[in-house]
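This report refers to the structure that appears directly beneath it.
Numbering (full-length UniProt numbering), first residue to last: 1 to 649.
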């Protein structure tokens with residue numbers, strides 16, 4: 001197994017190599033280089049990922065023939081976006097999948113690529129930070145009480161439209177950017193104007209229906225609210241919030257068309273920053289609420305006004321995004337164009353665009369069903385929806401970064417190996433990729449598992465978010481952390497499935513997993529009485545089962561591609577290293593807390609705890625790496641070189 005650094009993963013220069021070269025030596029010519037950037041992770045808590053990134057021009061294995069359904073647009077699609085998802089944080093949302101920079105001659109410029117990648121990467125970091133601050137603001141002001149719980153239930157439909165359908169790297173954005181980039185300027189202008197008409201009409205209809213039947217929608221998606229002590233208040237707040245956020249549904253489609261135009265023109269900076277606008281608007285709404293009502297917990301009388309404040313922030317964020325994209329839309333030269341309804345019906349470019357959009361929307365709908373399953377059952381537990389959202393954010397934020405750093409850059413290599421039928425190289429690359437993912441994820445997992453309580457206290461515990469809420473959310477964080485290694489491995493396996501043209505098998509696995517998750521959720525609530533912790537554990541268990549199922553199907557399709565006997569030794573070593581890391585982290589944290597002097601200031605105590613978490617995490621990382629270093633673990637060397645190159649960038 002190769003021990004050299006993964007230059008493509010680290011953003012280094014891509015050099016041509018023979019088809020059978022190991023993963024760490026593979027490369028592509030500079031002219032065909034593509035910088036893949038994504039937030040990775042799925043902002044949406046659920047058992048299944050969003051539609052995985054597409055493989056550039058993959059070829060299926062003979063004799064099966066890829067159907068139209070299994071074809072994917074040649075832009076990767078990241079997980080979960082950053083509408084005010086409350087219940088599905090994953091940071092602040094995805095970033096554009098492809099960042100391109102052209103030289104004067106129209107060819108891809110290496111310097112331009114790295115400059116654009118750096119700018120988009122900086123925008124991603126800013127979005128992540130603002131997304132975390134948004135969740136901290138909501139948690140501080142509303143805790144896990146009625147307002148936060150109602151907000152998570154009310155944002156289901158607006159979030160689906162704003163993030164999964166209309167978000168950056170959503171199916172509409174990917175399809176629009178892909179289609180427009182292939183057309184001349186005149187046809188681009190005609191197509192985008194026709195799409196604006198269609199999307200506006202559909203948005204008006206959906207928004208009107210949502211406004212008129214808001215209470216019915218909340219009743220169907222969260223029936224448990226009507227049996228809880230505060231359920232009727234939460235239901236009333238959620239219905240009002242949903243009505244206030246109906247503009248998000250209308251603006252989401254219009255926004256994504258504008259951002260798709262910008263991406264087609266090679267400008268991905270503004271689309272990547274768009275989720276930050278909503279985060280800032282929600283933070284401002286929380287500050288205004290505190291100024292008007294004080295820092296105390298919302299009373300029953302002010303709870304409704306608190307819900308209106310935060311939902312107005314979400315709607316204002318969508319409105320500001322629309323204004324910005326309209327301004328940029330005019331600057332790029334996409335003015336008004338004249339056409340008839342007959343032109344819309346018989347437009348070939350429009351038909352091609354919808355042939356890309358519709359399958360992706362159906363796939364995104366499956367993901368939404370998966371997330372709705374957990375929200376449906378969480379409505380029977382007080383504060384569960386809000387608590388699950390905070391815990392899921394803490395798990396998915398680092399996983400999203402790792403996914404975009406490790407998994408997405410492997411897409412062209414896996415596609416190339418499938419084209420060349422280099423199954424031996426594919427086996428080596430896949431196994432090395434799995435071990436690399438584990439080396440990167442397990443230290444984070446062990447630290448979160450051991451320090452879940454202190455981490456939640458430092459990040460969230462202030463104002464309304466009290467010690468009871470910290471204890472509740474930390475237990476959920478622990479349950480989610482168990483499944484984090486399986487999550488990133490599943491991301492890698494999904495990439496291989498689409499490269500092989502096995503999209504139908506993957507769809508079947510997704511459907512079965514959704515049903516299994518619903519069954520486990522029901523059992524954890526009604527039979528085992530595990531509460532919200534049972535919902536989080538169900539997600540982790542189903543993720544692990546999905547990985548095992550995908551591994552079995554992949555080994556059956558390509559015999560021996562995943563050799564469990566060959567992986568058993570490295571996996572045992574990783575397990576031992578993870579155990580040592582957990583022990584080292586726990587002991588170091590306790591020793592540091594006892595070593596620090598007793599202080600009366602709350603801020604100093606919080607600073608001490610933050611310092612103890614950081615030092616204990618470093619100790620745990622050392623405990624994890626020492627056994628791997630002693631046994632010369634190849635994936636550790638690759639991970640160190642990758643991190644070093646990322647730091648240098």
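Glycine included, each C-beta is placed from N, C-alpha and C at the ideal position.
For residue i: DSSP bridge partner residues
i: residue 462; result: 465
Residue i - DSSP class collapsed to helix/strand/coil
i: residue 627; result: helix
i: residue 155; result: coil
i: residue 222; result: coil
i: residue 559; result: coil
i: residue 636; result: helix
i: residue 127; result: helix
i: residue 60; result: Only weak support exists for where residue 60 lies, its pLDDT of 43 falling under 50; the value from the coordinates is given anyway. In the structure shown, residue 60 sits in coil (DSSP, three-state: anything other than H, G, I, E or B).
i: residue 78; result: Any answer about residue 78 is weak, because its pLDDT of 38 lies below 50 and its placement is not dependable; what the coordinates show is given next. Residue state, collapsed to three classes: coil.
i: residue 641; result: helix
i: residue 294; result: coil
i: residue 215; result: helix
i: residue 253; result: helix
i: residue 236; result: helix
i: residue 259; result: helix
i: residue 264; result: helix
i: residue 609; result: helix
i: residue 132; result: helix
i: residue 382; result: coil
i: residue 228; result: coil
i: residue 503; result: helix
i: residue 162; result: helix
i: residue 422; result: coil
i: residue 528; result: coil
i: residue 245; result: coil
i: residue 144; result: coil
i: residue 511; result: helix
i: residue 399; result: helix
i: residue 669; result: Since the first residue of the chain shown is 1 and the last is 649, residue 669 is not available in this structure.
i: residue 621; result: helix
i: residue 451; result: coil
Beta-carbon spacing of residue i, residue j below 9 Å
i: residue 289; j: residue 144; result: no
i: residue 177; j: residue 283; result: no
i: residue 388; j: residue 379; result: no
i: residue 573; j: residue 633; result: yes
i: residue 472; j: residue 135; result: no
i: residue 250; j: residue 217; result: no
i: residue 635; j: residue 436; result: yes
i: residue 580; j: residue 613; result: no
i: residue 525; j: residue 369; result: no
i: residue 270; j: residue 325; result: yes
i: residue 477; j: residue 455; result: yes
i: residue 512; j: residue 543; result: no
i: residue 495; j: residue 414; result: yes
i: residue 245; j: residue 155; result: yes
i: residue 285; j: residue 312; result: yes
i: residue 592; j: residue 500; result: no
i: residue 308; j: residue 277; result: no
i: residue 126; j: residue 350; result: no
i: residue 240; j: residue 304; result: yes
i: residue 161; j: residue 205; result: no
i: residue 263; j: residue 181; result: yes
i: residue 489; j: residue 399; result: no
Min CB distance residue i to chain C below 9 Å
i: residue 414; result: Structure shown: chain C not included; a single protein chain is present.
Contact test: residue i Cβ vs the ligand ZN heavy atom, cutoff 8 Å
i: residue 146; result: Looking for the ligand ZN in the displayed structure turns up nothing, as the structure carries no ligands at all.
> What residue ranges within the stretch 466-501 form continuous alpha helix (DSSP H) runs of no fewer than 4 residues, ordered along the chain?
Replying inline: 467-481 and 484-499
>> Within 8 Å, do at least three Cβ pairs link the stretch 368-378 to the stretch 532-551?
In response: yes
>> Check whether the stretch 196-203 and the stretch 246-254 are in contact - that is, three or more C-beta pairs closer than 8 Å.
In response: yes
> Any contact of the stretch 228-244 with the stretch 146-158, i.e. 3+ C-beta pairs under 8 Å?
Replying inline: yes
> Would the stretch 475-490 and the stretch 426-446 be scored as touching if the rule is three or more Cβ pairs under 8 Å?
Replying inline: yes
> Which runs of the alpha helix (DSSP H), 4 residues or longer, sit entirely within the stretch 541-605?
Replying inline: Correct list: 564-595.
> Are at least three pairs of beta-carbons, each pair with one atom in the stretch 579-592 and one in the stretch 613-629, less than 8 Å apart?
Replying inline: yes
> Can you give, in chain order, each stretch of the beta strand (DSSP E) that sits fully within the stretch 172-205 and has at least 3 residues?
Replying inline: none
> Which parts of the stretch 305-333 are runs of the alpha helix (DSSP H), unbroken and 4 residues or longer, counting only runs that do not cross its ends?
Replying inline: none
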